[in-house]
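Accompanying notes for the structure given below.
Number of protein chains: 2
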Amino acid sequence: MNGTTPIWISRFDPDDIAAREAAAPDGPLRGQLVAVKDNIDVAGLPTTAACPALADRVATRSATAVSRLEAAGAVPVGKTNMDQFATGLVGTRSPYGACSSVFSDAHISGGSSSGSAVAVAAGLVPLALGTDTAGSGRVPAAFNGIVGLKPTRGLVPAAGLLPACRSLDCVTTFTRTVAAARTALAVLAGPDPADPWSRPAPPRPPAHIAARPRLIGVPAGPLDLDPEHAVAWKAALEHAARLGRLVPVPVDEFLAAAALLYGGPWLAERWAGFGALLDAAGPHADPAVRAVVTPGRDVTGAAVFAGLDRLAALRQATEPVWLDIDALLLPTTPGHPRLADVAADPLGVNTRLGTYTNFVNLLDLCVVAVPGGSRPDGLPFGVQLIGPAFADRPLLDLAARWTGEAAGGPSAPPDADAPAGTVLLAVAG
Amino acid sequence: MNGTTPIWISRFDPDDIAAREAAAPDGPLRGQLVAVKDNIDVAGLPTTAACPALADRVATRSATAVSRLEAAGAVPVGKTNMDQFATGLVGTRSPYGACSSVFSDAHISGGSSSGSAVAVAAGLVPLALGTDTAGSGRVPAAFNGIVGLKPTRGLVPAAGLLPACRSLDCVTTFTRTVAAARTALAVLAGPDPADPWSRPAPPRPPAHIAARPRLIGVPAGPLDLDPEHAVAWKAALEHAARLGRLVPVPVDEFLAAAALLYGGPWLAERWAGFGALLDAAGPHADPAVRAVVTPGRDVTGAAVFAGLDRLAALRQATEPVWLDIDALLLPTTPGHPRLADVAADPLGVNTRLGTYTNFVNLLDLCVVAVPGGSRPDGLPFGVQLIGPAFADRPLLDLAARWTGEAAGGPSAPPDADAPAGTVLLAVAG
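Residue numbers (numbering that gives the first Met the number 0), protein chains in the order written: chain A, 0 to 428; chain B, 0 to 428.
Structure (structure tokens):
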């Protein structure tokens, strides 16, 4: 990282932060500095969603998620850069500047929660809040080598969030360890009368998901992966085989749901959520965001119901998979584009990035995105551990075993640079 | 009933029925004749949904619900009249003729499952299938003095149904006893790969609903009821007090959901379901149905998502009520219109009829509509016993106690003609 990546959109005064740290209540997050994505309200700072036209909209009260962190002792320090209106997976769709990965100035940070992920990966804060509708809390985790938790929809309240797709939006966390994600989730989770989509967790995770996940679903067929990604994925599969039994499962119907999100119906929800703001933003609107979202104005209600029907069919078709596995392992992205790749094809590159993330929220799943080792070129590789709604805790258990935290050791993701023999020996052991 | 009410749209040949009876498999419904609403496929008969333009659409296979009844020994005899495209609660919106109540030639049968309800009430069959999106399986039960069961959404598959609102449509039963409804539900329930909205029942009913419901919620405020209905409702409350403890609960937010169904968003789902058929029906389209549904064509996708958001808020606001009660008691309708009332104001009379039924499917509730005694003028009065999703069995238990079946005795609904002293004595006892 060259130190000039535009992580922040606004920040509290350092003296103010120091005073808040001193006054922080004694809780599980006592004194922890927190970065907050700029589509989540923090009292005293504007909520721009990376649209400068909104820069005078200073929040008078904090989002429920932020208030819960503060009540646990955490201290918000500022608001982070993002793909405008949380519409993008690249981290470049911002008038405040494009973010790059902490691993390479030439490669994108991923988005839409770009600044939050980079702030954690760069060591500026131990915890950041993001949001995730199509992968925005996972893609930048993958591209910066950290942990991104997208909890079950409704588990963490979204009150105080400038919506992308209100029925799908999730508040997410970025951390450097799974343990930190677990602590944050315990603080953040719980229903909220201010968010109609929030819901209480049932007393137990789904009955058919093992508390200690052992059956790891992997795609039965080939995946669309860049060559460097493909090498890292192979190593990740070998790492997974050390943690449980790999069960090949069909994933076509999971991936098919992606078409709904940007192919029509759910664009209308984006339009409902922020179309008026986008319309009024004039020159401040990011051209790619405007191009993607404006067709949402013309989606008919009948098309939305046809989409809900199609989604119900995909949900029904995919549900039986969870009877055979405890978690589904997928790469987070098919590749890691350069800033130049995005500039050359802003829409195409973004669409492909969501191949393995878009379906998750639509199908009411939860997911922990974890580091999955390094590619031969040294860039980080990320994987997703996916489960059905309310399997958050078993997934975090598996994620901790994945990173090596469960054994008390340091993070031990697979390394594609290691000689093949080493990996194979570890598998045999 | 004057014998001329147009119950049937099509019927099998009597010889054919006799042959099927003789060949019926030995099951819990062995030899029972069944009437089927004409929006549900029965192989060999057309599915018109009361639109003569569809009279040549002969079904080549039966709906899942019909096949399950046949596998249990039942014998379909024909297809019944209905409000066209299941859009109406009156029973008069049909080119095949308006149905009247078995209790009065001058009063409507209710709808949209008019012919099915009348066939059972008149004793022609012991069991009929209807459908219910807004009350179509309950209003005609109330107006004909029989039992109408609207199970939890998705419990009985809707494959083979010409949809009204696909995400809300339920296949329902009409019977003269609660016991018959229970037997039919046991045969009909269970998921179906052909219906994306079908879902399995959890192993147990909701944990907070007593298996033997005792806490009966009643509206805390006044209701909109015609004078004759109000007298019967008072007697019904006294009857309810004999079966459990009455708990006043707020119902405004339940009733508010009704506005969504016909006020905009969900009209788009009707348009998605049968708009093309309605458009092509020309002179065969019922004018009221056309007037109600055509605006669904112009509902925007954004408006639908705003509606889903509003519905989520109403669901969240109403859910806590189920922690305090085991069932909610409401009248099925605010009054019992004459055929002449509907002719004078086809839309207004219909809208008011759905006051207490429209919200149920939207809020994912189940309900048993049972006879609630007689009005002073001798017309039947009907009430609904409503519960959360998958409380079907506890509700049927309460319904059986309501009708007196549980005690082994004959049906003993309250009678508004009885001297007040008698009723009060019974309450005291």
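Even glycine gets a Cβ: it sits at the ideal position worked out from N, Cα and C. Keep in mind the model is a prediction, meaning the values are calculated, not measured.
Classification of residue i by the beta-carbon crowding that lies within 10 angstroms, buried from 16 upward
{"i": "His-207 (chain B)", "result": "exposed"}
{"i": "Gly-420 (chain B)", "result": "Caution applies to Gly-420 (chain B), whose pLDDT of 31 falls short of 50 and renders its modelled position unreliable; the model cannot decide the point."}
{"i": "Leu-322 (chain A)", "result": "exposed"}
{"i": "Leu-346 (chain B)", "result": "exposed"}
{"i": "Arg-181 (chain A)", "result": "buried"}
{"i": "Val-453 (chain A)", "result": "Here chain A has residues from 0 to 428 only, and residue 453 (chain A) is not among them."}
{"i": "Asp-14 (chain B)", "result": "exposed"}
{"i": "Val-422 (chain A)", "result": "Caution applies to Val-422 (chain A), whose pLDDT of 30 falls short of 50 and renders its modelled position unreliable; the model cannot decide the point."}
{"i": "Gly-136 (chain B)", "result": "buried"}
{"i": "Thr-59 (chain B)", "result": "exposed"}
{"i": "Gly-281 (chain A)", "result": "exposed"}
{"i": "Asp-194 (chain A)", "result": "buried"}
{"i": "Pro-202 (chain B)", "result": "exposed"}
{"i": "Pro-336 (chain A)", "result": "buried"}
Nearest-angstrom beta carbon gap, residue j and residue i [assumed within contact, 8 Å]
{"i": "Leu-395 (chain B)", "j": "Val-367 (chain B)", "result": "6 Å"}
{"i": "Ala-305 (chain B)", "j": "Glu-252 (chain B)", "result": "The Cβ separation is near 17 Å, so there is no contact."}
{"i": "Ser-99 (chain A)", "j": "Thr-4 (chain A)", "result": "5 Å"}
{"i": "Glu-227 (chain A)", "j": "Asp-376 (chain A)", "result": "5 Å"}
{"i": "Ala-267 (chain A)", "j": "Val-298 (chain B)", "result": "The pair is not a contact, with the Cβ atoms about 11 Å apart (cut-off 8 Å)."}
{"i": "Gly-109 (chain A)", "j": "Gly-129 (chain A)", "result": "That belief does not hold up - the Cβ atoms of Gly-109 (chain A) and Gly-129 (chain A) are roughly 11 Å apart, past 8 Å."}
{"i": "Asp-40 (chain B)", "j": "Ala-54 (chain B)", "result": "Rounded, the Cβ-Cβ distance is 14 Å, inconsistent with contact."}
{"i": "Ala-200 (chain B)", "j": "Phe-389 (chain B)", "result": "5 Å"}
{"i": "Thr-46 (chain A)", "j": "Val-292 (chain A)", "result": "Wrong, their Cβ atoms sit about 18 Å apart, outside the cutoff."}
Beta-carbon neighbours of residue i, restricted to chain A and to distances below 8 Å
{"i": "Val-298 (chain B)", "result": "Thr-299, Gly-300, Ala-301"}
{"i": "Ile-274 (chain B)", "result": "A quick correction: the sequence has Gly, not Ile, at residue 274 (chain B). Within 8 Å Cβ-Cβ: Ala-301."}
Beta-bridge partners of residue i, as assigned by DSSP
{"i": "Phe-173 (chain A)", "result": "A:Ala-127, A:Gly-147"}
{"i": "Asn-368 (chain A)", "result": "Checking the displayed sequence, the identity of residue 368 (chain A) turns out to be Ala instead of Asn. Per DSSP, A:Gly-147, A:Gln-383."}
{"i": "Ala-34 (chain B)", "result": "B:Gly-77, B:Ala-127"}
{"i": "Val-57 (chain A)", "result": "A:Pro-45"}
{"i": "Leu-327 (chain A)", "result": "A:Gly-216, A:Ile-385"}
{"i": "Trp-265 (chain B)", "result": "DSSP lists no partner for Trp-265 (chain B)."}
{"i": "Trp-7 (chain B)", "result": "B:Thr-79"}
{"i": "Ser-100 (chain A)", "result": "A:Ser-103"}
{"i": "Arg-337 (chain B)", "result": "B:His-106"}
{"i": "Arg-244 (chain B)", "result": "B:Leu-214"}
{"i": "Leu-160 (chain B)", "result": "B:Ile-39"}
{"i": "Thr-299 (chain B)", "result": "A:Thr-299"}
Contacts of residue i in chain B (Cβ-Cβ under 7 Å)
{"i": "Trp-196 (chain A)", "result": "Ala-311"}
{"i": "Gly-189 (chain A)", "result": "Correct list: empty, because the minimum Cβ distance to chain B is about 14 Å."}
Proximal chain A residues relative to residue i, where beta-carbon distance stays under 7 Å
{"i": "Leu-307 (chain B)", "result": "Ser-166"}
{"i": "Pro-264 (chain B)", "result": "Gly-300"}
Sequence-distant residues of the same chain with beta carbon closer than 8 Å to residue i, five excluded per side
{"i": "Ala-255 (chain A)", "result": "Leu-313, Phe-358"}
{"i": "Ser-410 (chain B)", "result": "Confidence is the limiting factor: at Ser-410 (chain B) the pLDDT is only 46, short of 50, which leaves the residue's position unreliable, though a coordinate-based value still follows. Hits under 8 Å: Thr-176, Pro-370, Thr-402, Gly-403, Glu-404."}
{"i": "Val-248 (chain B)", "result": "Gly-216, Val-217, Pro-218, Ala-219, Val-320, Asp-323, Ile-324, Leu-327"}
{"i": "Pro-94 (chain A)", "result": "Ala-49, Cys-50, Pro-51, Gln-83, His-283, Asp-285"}
{"i": "Gly-144 (chain B)", "result": "Val-101, Phe-102, Ala-120, Pro-370, Pro-379, Gly-381"}
{"i": "Pro-333 (chain B)", "result": "Leu-222, Asp-223, Leu-224, Asp-225, His-228, Arg-351, Leu-352, Thr-354, Tyr-355"}
Under 9 Å by beta carbon: chain B residues contacting residue i
{"i": "Phe-389 (chain A)", "result": "Under the 9 Å cutoff, chain B gives no residues; its nearest Cβ is about 14 Å from Phe-389 (chain A)."}
{"i": "Trp-270 (chain A)", "result": "Thr-299, Gly-300, Ala-301, Phe-304"}
{"i": "Ala-157 (chain A)", "result": "Ordered by position in chain B, no residue passes the 9 Å Cβ test against Ala-157 (chain A), which lies about 11 Å from the chain."}
Sequence-distant residues of the same chain with beta carbon closer than 7 Å to residue i, five excluded per side
{"i": "Gly-263 (chain A)", "result": "Val-298, Ala-302, Gly-306"}
{"i": "Asp-168 (chain B)", "result": "Thr-130, Thr-132, Ala-157, Leu-160, Pro-162"}
{"i": "Leu-424 (chain A)", "result": "Its pLDDT being 28, under 50, Leu-424 (chain A) is placed unreliably by the model, and nothing is read from it."}
{"i": "Arg-67 (chain B)", "result": "Val-186, Leu-187"}
{"i": "Gly-272 (chain A)", "result": "Pro-162, Ala-163, Cys-164, Arg-165"}
{"i": "Ala-118 (chain A)", "result": "Ile-6, Ala-34, Thr-79, Val-124, Ala-127"}
{"i": "Arg-10 (chain A)", "result": "Val-76, Gly-77"}
Interface partners of residue i on chain B, CB under 8 Å
{"i": "Ala-267 (chain A)", "result": "Thr-299, Gly-300, Ala-301, Val-303, Phe-304"}
{"i": "Gly-295 (chain A)", "result": "Gly-300, Ala-301"}
Any chain D beta carbon closer than 7 Å to residue i
{"i": "Gln-315 (chain A)", "result": "Reference to chain D is not applicable here, since the protein chains of this structure are A and B."}
Same chain, Cβ closer than 6 Å to residue i, neighbours up to 5 away in sequence not counted
{"i": "Ala-427 (chain A)", "result": "The predicted position of Ala-427 (chain A) is uncertain, since its pLDDT is 28 and thus under 50; a value taken from the coordinates is nonetheless stated next. Nothing listed; no residue qualifies."}
{"i": "Ala-73 (chain A)", "result": "Leu-28, Gln-31, Val-33"}
{"i": "Ala-18 (chain B)", "result": "none"}
{"i": "Ala-399 (chain B)", "result": "Val-177, Ala-405"}
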